[in-house]
Amino acid sequence: MSLVKTFHTSEGVFEAGPSDVLGKGTYGTVFRVRKRDDPSERRAIKIFMPETLDENEGVPSTTLREVNAVKSVDHPNVISVKEVVMPANGSLTEMFVVMELCRGTLRDKVQELVKKHLSNETKWVRPLEYRNSGHHSAAGSNLTDVRLPLEYVKEAKIISWQILNAVAVCHSRGIMHRDLKPANILWSDDDLLKVADFGLARFVRGRPTSDDHVVPQTGEVQTMWYRAPEVLLGDENYGLLVDDWSIGCVIAELFKFRISVSNKRIEPEPLFSGRGDVHTLLLIFEALGTSPVITTNPTVSTSESYLRTLPFWSDFFPQWTNGNLRQKLCLLDDLGYDLVTRLLTINPQKRTACRYLLSHPWFEDVKTDLKRFEPWYKAFQHDIIRMLEIDRLPPARPLEEVTTTDGPDAAAARRKRGKENVQNVNKRK
Numbered sequence: 050m051s052l053v054k055t056f057h058t059s060e061g062v063f064e065a066g067p068s069d070v071l072g073k074g075t076y077g078t079v080f081r082v083r084k085r086d087d088p089s090e091r092r093a094i095k096i097f098m099p100e101t102l103d104e105n106e107g108v109p110s111t112t113l114r115e116v117n118a119v120k121s122v123d124h125p126n127v128i129s130v131k132e133v134v135m136p137a138n139g140s141l142t143e144m145f146v147v148m149e150l151c152r153g154t155l156r157d158k159v160q161e162l163v164k165k166h167l168s169n170e171t172k173w174v175r176p177l178e179y180r181n182s183g184h185h186s187a188a189g190s191n192l193t194d195v196r197l198p199l200e201y202v203k204e205a206k207i208i209s210w211q212i213l214n215a216v217a218v219c220h221s222r223g224i225m226h227r228d229l230k231p232a233n234i235l236w237s238d239d240d241l242l243k244v245a246d247f248g249l250a251r252f253v254r255g256r257p258t259s260d261d262h263v264v265p266q267t268g269e270v271q272t273m274w275y276r277a278p279e280v281l282l283g284d285e286n287y288g289l290l291v292d293d294w295s296i297g298c299v300i301a302e303l304f305k306f307r308i309s310v311s312n313k314r315i316e317p318e319p320l321f322s323g324r325g326d327v328h329t330l331l332l333i334f335e336a337l338g339t340s341p342v343i344t345t346n347p348t349v350s351t352s353e354s355y356l357r358t359l360p361f362w363s364d365f366f367p368q369w370t371n372g373n374l375r376q377k378l379c380l381l382d383d384l385g386y387d388l389v390t391r392l393l394t395i396n397p398q399k400r401t402a403c404r405y406l407l408s409h410p411w412f413e414d415v416k417t418d419l420k421r422f423e424p425w426y427k428a429f430q431h432d433i434i435r436m437l438e439i440d441r442l443p444p445a446r447p448l449e450e451v452t453t454t455d456g457p458d459a460a461a462a463r464r465k466r467g468k469e470n471v472q473n474v475n476k477r478k
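Using this note's numbering, read the sequence shown as starting at 50 and increasing by one per residue.
In structure tokens, the structure reads:
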């Protein structure tokens, strides 16, 4: 029995061997494939877990949501879907998605930069201890500061800007990703970062006309370490700004390091690596402080006391007057710290959206390097400006969460609509 998997697409026949599995998730497996006639031409193909597919229910909503989201944002910083292939026999269990192939994830890219610029020196792991330990420079003067190499900082800024740009563009098209993390940000051969894995994404619209138009959203979104505090506290009406929180965590991770247990090399360290939801929430409070969020002072505005109204809030949570985030991110300069804190604001009503940070002064010294992204930025700037309101509370309404009444032929109708949607998605460019 051959171990080579074969995929027939409109571009030709692609093949994948046992060692070509790039990753497995809840909904499917991604393979690295090569074209049979031209092995230099490669793609990534995602097949779906049989248990997530139901012949009677048609194409899963998560699949349609992911493909439609990617197709609606034709942008270099967003992964591109080449084709959705439905076999001639119509079997959903054999359906797959053809995507562009990338070199690796953001974590792989940062590991390469760490190896190149930081030389695996342990001083980057505990810079404050190193700074205060009495180390001396070669010239004999006291080492009063520990600064990251300029080359690494420059690369980190370019990475950060691309991520902000990608998320701003997604939001301008009304797409809330809801699972942003280093593993879902890919790195291509031409050093472009691409946001991927839109399986948890939602299409949203602007302010609802009334409370009746707000549809509750699931809290089972975002990887825990990158989950916004309002989601951790059970808010079912969160908005696009949950993505901005995740991006703040990702950017902060570029400037915080630990020693890997597996290979004893330094690597980026997640900022809020909690062991559970409550532990993660307490790490957030410890880093950012809880005042005036948990104050009981009646003179404090409603927006400041917003979190205290959420389902999982407890008045028994510990209080921290001042956070320790500056100590955690002591390798980050003041302008970079200002950008991160605008994203990592506990109260979403005070959080800054990504699109407002694309012109932040922190990026001033890499403007020349960012010029190659200028045409893409200008092409979407009108959309970004047009969507001024959709990431502000009250939150947006998911378009596809509409209640329907099943009739006797509902399953057949859904199955037919699902196949028609796949055909329509393939026609969109």
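We treat Cβ as the ideally placed atom computed from N, Cα and C, and that holds for glycine.
Pair within 8 Å by beta-carbon distance, residue i and residue j
i, j, result
"residue 270", "residue 249", "yes"
"residue 481", "residue 333", "Because residue 481 is not part of the residues shown, which for the chain are 50 to 478, the question remains open."
"residue 110", "residue 119", "no"
"residue 378", "residue 389", "yes"
"residue 292", "residue 218", "no"
"residue 208", "residue 320", "no"
"residue 71", "residue 93", "yes"
"residue 314", "residue 174", "no"
"residue 294", "residue 329", "no"
"residue 236", "residue 153", "yes"
"residue 316", "residue 305", "no"
"residue 204", "residue 162", "yes"
"residue 393", "residue 411", "no"
"residue 126", "residue 243", "yes"
"residue 115", "residue 247", "yes"
"residue 480", "residue 232", "Any answer about residue 480 is impossible in this case: the structure gives the chain only from 50 up to 478."
"residue 133", "residue 222", "no"
"residue 25", "residue 73", "Coverage of the chain is limited to positions 50 through 478, which leaves residue 25 absent and any answer about it impossible."
DSSP-derived helix/strand/coil call for residue i
i, result
"residue 385", "helix"
"residue 358", "helix"
"residue 115", "helix"
"residue 313", "coil"
"residue 456", "Unreliable positioning characterises residue 456 in this predicted model, as indicated by a pLDDT of 46, which lies under 50. The coordinate reading is nonetheless provided below. It is coil, neither helix nor strand."
"residue 308", "strand"
"residue 296", "helix"
"residue 421", "helix"
"residue 143", "helix"
"residue 285", "coil"
"residue 186", "Model confidence at residue 186 stands at a pLDDT of 41, short of 50, so the residue's coordinates are unreliable and nothing is read from them."
"residue 335", "helix"
"residue 124", "coil"
"residue 58", "strand"
"residue 348", "Annotation note: pLDDT 46 at residue 348 (below 50); position unreliable, coordinate value reported separately. Coil."
"residue 364", "coil"
"residue 410", "helix"
"residue 329", "helix"
"residue 400", "coil"
"residue 110", "helix"
"residue 370", "coil"
"residue 176", "helix"
"residue 393", "coil"
"residue 170", "coil"
"residue 318", "coil"
"residue 375", "helix"
"residue 380", "coil"
Short CB-CB distance (under 8 Å) between residue i and chain C
i, result
"residue 278", "In the displayed structure, chain C is absent; only one protein chain is listed."
Counterpart residues of residue i in DSSP-defined beta bridges
i, result
"residue 153", "236"
"residue 148", "93, 130"
"residue 77", "97"
"residue 301", "Answer is none; residue 301 lacks a bridge partner."
"residue 72", "79"
"residue 64", "55, 83"
Is there contact here, the segment 371 to 379 with the segment 401 to 417, by at least three beta-carbon pairs under 8 Å?
-> no
Could you name each continuous alpha helix (DSSP H) segment of 4 residues or more that falls completely within the segment 196 to 281, going from the start of the chain to the end?
-> Correct list: 199 to 221, 278 to 281.
For the 8 Å Cβ check, are there 3 or more pairs between the segment 276 to 288 and the segment 358 to 373?
-> yes
At a cut of 8 Å, does the segment 164 to 177 reach the segment 140 to 154 through at least three beta carbon pairs?
-> no
Indicate whether the contact test is met: 3 or more Cβ pairs, each with one atom in the segment 85 to 94 and one in the segment 55 to 66, closer than 8 Å.
-> yes
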